[in-house]
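Just so we're aligned: 30 in this note's numbering is position 30 of the sequence shown, and the numbers increase by one with no gaps anywhere.
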Amino acid sequence: MNTSTWQNQVMDLLRSISCNRCSNFSGTGIIFYKDLVNLPHLQLSAGEEDSNTTSINSFDIAFTLNSVSTICSPYHDGFHFIAIDYWHISHLSQYISPPIPKDAEMRFHGTGARLMSAMLASILPGIVCVGLVAQEGKIHLFHNGIDIAREK
């Protein structure tokens, strides 16, 4: 998949989530990946809920992510993972812990844990990009540590 193809597909998804968010939308973070071996992550649910993602098809991704990104959902926190080659959700509500490079203070600037985590995760091998939709609908798309969304 070439850069413009995945970028358009990802931005369409992020715009759909932003435009269709409800009043109790908490914001969301999405890791688009080819390989997760370099991204430490951990499931955030208490274990009672079943985060079965096998039944979610590509048409339901925006709906599903909007549904789980509400304050009342047990999956609203953390990042959700989409396998970009197959365009399906593989994980919901993941705590991520991307390593901090030695030169991070000189290279990366931003406020908020979700924003900084997204920026740092986007530089890891195997991670294509990381998208964020803020509570108020603002979109960020990080690729190699740079916000390439350029949208309000």
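Beta carbons are placed, not taken as given, at the ideal position from N, Cα and C, and that holds for glycine.
Own chain, CB closer than 6 angstroms to residue i, minus 5 neighbours either side, in chain order
| i | result |
| --- | --- |
| Ser97 | Pro40 |
| Leu42 | Tyr95 |
Host alpha helix (DSSP H) of residue i (start-end)
| i | result |
| --- | --- |
| Val68 | Ile61 to Val68 |
| Ala104 | Ala104 to Arg107 |
Spatial neighbours of residue i in its chain, beta-carbon cut-off 8 angstroms, leaving aside the 5 residues before and after
| i | result |
| --- | --- |
| Asn8 | none |
Proximity to residue i [Cα-Cα], best of the options
| i | options | result |
| --- | --- | --- |
| Tyr75 | Leu141, Ser93, Arg114 and Val128 | Ser93 |
| Leu36 | Ile89, Pro125, Phe142 and Gly137 | Pro125 |
| Arg15 | Gly145, Leu141, Ser90 and Leu42 | Leu141 |
| Gly27 | Ile61, Lys34, Gly145 and Ile71 | Ile71 |
| His91 | Ile100, Met106 and Phe81 | Phe81 |
| Pro203 | Met116, Trp87 and Trp6 | Any question about residue 203 goes unanswered here, given that the chain covers just 1 to 152. |
Test item: CB-CB of residue i and residue j under 9 angstroms
| i | j | result |
| --- | --- | --- |
| Val10 | Phe32 | yes |
| Ala149 | Gly29 | no |
| Val130 | Phe79 | yes |
| Ile123 | Leu132 | no |
| Lys34 | Ala83 | yes |
Residue i: CB within 8 angstroms of a non-hydrogen atom of the ligand ATP
| i | result |
| --- | --- |
| Asp12 | No copy of the ligand ATP appears in this structure; indeed no ligand is present at all. |
First through last residue of the beta strand (DSSP E) which encompasses residue i
| i | result |
| --- | --- |
| Leu115 | From DSSP, Leu115 is part of no beta strand (DSSP E) but of the alpha helix (DSSP H) over Ala113 to Ala121. |
| Gln94 | His88 to Ile96 |
| His143 | Ile139 to His143 |
| Ile82 | Phe79 to Ala83 |
| Leu42 | His41 to Gln43 |
| Ile100 | First-last for Ile100: undefined, no H or E at that position. |
Length of the line joining the Cα atoms of residue i and residue j
| i | j | result |
| --- | --- | --- |
| Lys152 | Asn38 | In this prediction, Lys152 has a pLDDT of 46, which is less than 50 and means its spatial position is unreliable; what the coordinates show is noted afterwards. Going by the C-alpha atoms only, they are around 31 angstroms apart. |
| Asp85 | Ser69 | 23 angstroms |
| Asn20 | Asn66 | 7 angstroms |
| Ala104 | Leu120 | 9 angstroms |
| Ser73 | Ile61 | 16 angstroms |
| Ser4 | Cys22 | 29 angstroms |
| Gly145 | Pro101 | 11 angstroms |
Own chain residues within Cβ distance below 7 angstroms of residue i, not counting five before or after
| i | result |
| --- | --- |
| Leu44 | Asp77, Gly78, Ser93, Gln94 and Tyr95 |
| Ala134 | Gly27 |
| Ser18 | Val133, Gly137 and Ile139 |
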